[in-house]
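Below: one structure, written as structure tokens.
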């Protein structure tokens, strides 16, 4: 029988003895099931000709140091075991390092197919050079013909042992790194077939490594003999239908996409997609793509369900598409967060600076809509706030501002806008007695310029313009705008001119202008073509947004600290500046430790010396890990207090990041136990 004539479910169902053995051995739905496929025989001589494996001296745990002179590898302890192999921690003498060593079980040592499959797995791993794929060092045999390969030793645990304690964001980030490794493997034609949290190692220093490539198959291998060493199998709780009911030829790249989706399903629900009272029932459910019921509804769940479609053609075509779908969800989440911040900005405002508050909220909402154009709530809230701002501007006498807002949101025909136009008309009647230019500029709260459209010469400016940019009227009036050295980027001025030529008006044109002393000023420009006593003019009003941007940055930093403090829920606070190596303590921290306030905050060295010697290294590791991996920590230590005694305290730390995602500060609390 060849691999094209059987599948996993049929093999188990048709072989009663095999089914009983699997159930009797306590095979679980989340364990990998692998069954050798009967194939044509190949002579032992052919195998030796194709695979030249070096011999190494291996000292087992049962041998004394004298029993093996200068072993290449000394086995230290067992790390884990499976149906076909055992993984040991070992010391490699040549390079003096700790490694992980995988050994084919001794009872399979005489099985040619098992040895070839073991070597195939080693070749697969050895051919993958990617930061999210475990690195293989060497393949070898010992004096007893036991077959091994050595790998990088990871100081950590498998993902399945940590997944319940990690946040959804941390789990999704881990999944994306696994997916990146699979994407690389697919570029080499390799299909993993057994992606699950148990097969992912998480290192203590942030490493994410996909292991257990024993079921991987190569779709770029034109050698038909490659199928002779393949087994059929996978993990029933995660496997796609084609792994349970299909043949090797039915397994495609989208089979791994399904497994990534199944892992995402577990992140969201806490359990894998398939189950059953028995192993066979679970495999049967996988073959029919029976997915466990869940009440979880979210955009990420939609991503998982699409990845787990029954027909591979209905799934994401590539891992890239799967990754892109998750990243779109993250953008949507950020868009929702920005929308909530904009709402809080208005709801929590004290009303002292309403224009500033509405401007900040509008900026946040515009960014939210830019991230996710389908954010209907952000779109609706933005228009609602603009309507509120227009009414406020009208009440405060800023009629032109109100009219501009109504026009920008297509509300020019609303009752409020019509009433506003009447007010503007009445104002204009009264202003006709005033100078043709002063009515437009002198009393305007916004900086403004009036230019001849044809020549570009400045005809008039208002006092607000002089205050903002430092130019006196005599320095500007009568000169062409490009002679004033006002624009930091002349190309942006050309863009504004072209827009005016095309549309006759421009709204909210963002640019950087220059103060007379060289300082840069971020502005928004609104320009209109008008006729003043039959002469074509351009009226430009300029809004300074520098303070708004600075205020928004300060607000972000303030709210970040506030959120962190609320989350940490501590009393005695501290911070550590990664760049300057400076430690800062709150008054409560001084009180807790008994340190004199006048001494000031300790240096980082002094602080660690206040920690009991048995706890210093643990605390230093926790801080380093927070800086390098960006993960918060909580640790119990003994800390010296007044009188030289030690006190049990809990130290919590939370990394703070800059806009590049780098840790710039660790912020936390000290709590007495």
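Residue numbers (UniProt numbering): 1 to 673. Even for Gly, the Cβ is constructed at its ideal location relative to N, Cα and C.
Do you know offhand how far residue 668's Cα is from residue 574's? For residue 668 and residue 574, the gap between their C-alpha atoms comes out near 5 Å.
Grouping DSSP H, G and I as helix and E and B as strand, with all else coil, what is residue 640? strand
At which residues does the alpha helix (DSSP H) containing residue 319 begin and terminate? 319-347
Only counting the same chain, and skipping five residues up and downstream in sequence, which positions put a Cβ closer than 7 Å to that of residue 589? 572, 573, 574, 670
Is residue 242 buried or exposed, if buried means 16 or more other CB atoms sit within 10 Å of its CB? buried
Are the stretch 503-512 and the stretch 487-494 in contact at 8 Å, needing three or more beta carbon pairs? Yes, the stretch 503-512 touches the stretch 487-494.
Own chain, CB closer than 6 Å to residue 204, minus 5 neighbours either side, in chain order: Within the same chain, residue 204 has close Cβ partners 155, 156.
Beta carbon of residue 286 nearer than 9 Å to that of residue 237: yes
Using beta-carbon positions only, say whether residue 202 and residue 323 come within less than 9 Å of one another. no
Give the DSSP bridge partners of residue 649, in chain order. 637, 672
DSSP-derived helix/strand/coil call for residue 459: Residue state for residue 459 is assigned as strand, using DSSP reduced to three classes.
Quick one: Cα of residue 397 to Cα of residue 416, how far? 14 Å
Checking 9 Å against the spacing of the C-beta atoms, do residue 496 and residue 527 come in under that value? yes
Helix, strand or coil, according to DSSP, for residue 57 in the structure here? coil
Opening and closing residue of the beta strand (DSSP E) in which residue 271 lies: From DSSP, residue 271 is part of no beta strand (DSSP E); its letter is neither H nor E.
Are the beta-carbon atoms belonging to residue 86 and residue 105 less than 9 Å from one another? In this structure, residue 105 lies closer than 9 Å to residue 86 by Cβ.
Under three-state DSSP, which class holds residue 500? In the structure shown, residue 500 sits in a helix (DSSP, three-state: H, G or I).
For residue 102, three-class secondary structure by DSSP: strand
According to DSSP, simplified to helix, strand and coil, what is residue 397? coil
Of the choices 418, 404, 401, 535, whose alpha-carbon is the least far from that of residue 454? 535
When burial is assigned at 16 or more other CB atoms within 10 Å of the CB, is residue 515 buried or exposed? exposed
So the candidates are 449, 665, 147; which of them puts its Cα closest to the Cα of residue 113? 147
In the structure shown, what three-state DSSP assignment does residue 3 receive? Bear in mind that a pLDDT of 34 at residue 3, under 50, signals an unreliable position, so the number given afterwards is only what the model happens to contain. Note: residue 3 maps to helix in three-state DSSP.
Quick check on residue 587: buried or exposed, where buried means 16 or more other Cβ atoms within 10 Å of its Cβ? Exposed, by the Cβ-count rule.
Nearest to residue 641 by alpha carbon, out of 608, 622, 627? 608
Measuring only the C-alpha atoms, how far is residue 481 from residue 456? Each residue's Cα considered, the two are about 6 Å apart.
In its own chain, which residues sit with a C-beta less than 6 Å from the C-beta of residue 289, not counting the 5 before and 5 after it? 241, 310
Nearest to residue 525 by CA position, among 518, 544, 531, 255, is which residue? The shortest C-alpha separation from residue 525 is found at 544.
Would a C-beta distance cut-off of 9 Å place residue 420 and residue 390 closer than the cut-off? In this structure, residue 390 lies closer than 9 Å to residue 420 by Cβ.
Minimum C-alpha distance to residue 315 - residue among 617, 293, 256: 256
Using 9 Å as the threshold, is the C-beta distance between residue 182 and residue 163 below it? no
How many Å lie between residue 144 and residue 84 at the Cα? 17 Å
Assigned exposure category for residue 653 - 16 Cβ within 10 Å defines buried: With a threshold of 16 other beta carbon atoms within 10 Å, residue 653 meets it and is buried.
To the nearest angstrom, how far is it from the Cα of residue 298 to the Cα of residue 597? 51 Å
Give me, in chain order, the residues of the same chain whose beta-carbon lies closer than 6 Å to that of residue 214; leave out the 5 immediate sequence neighbours on both sides. Within the same chain, and ignoring the five residues on either side of residue 214 in sequence, the residues whose Cβ sits closer than 6 Å to its Cβ are 121.
Have a look at residue 400 and residue 349 and give me their C-alpha separation to the nearest angstrom. 24 Å
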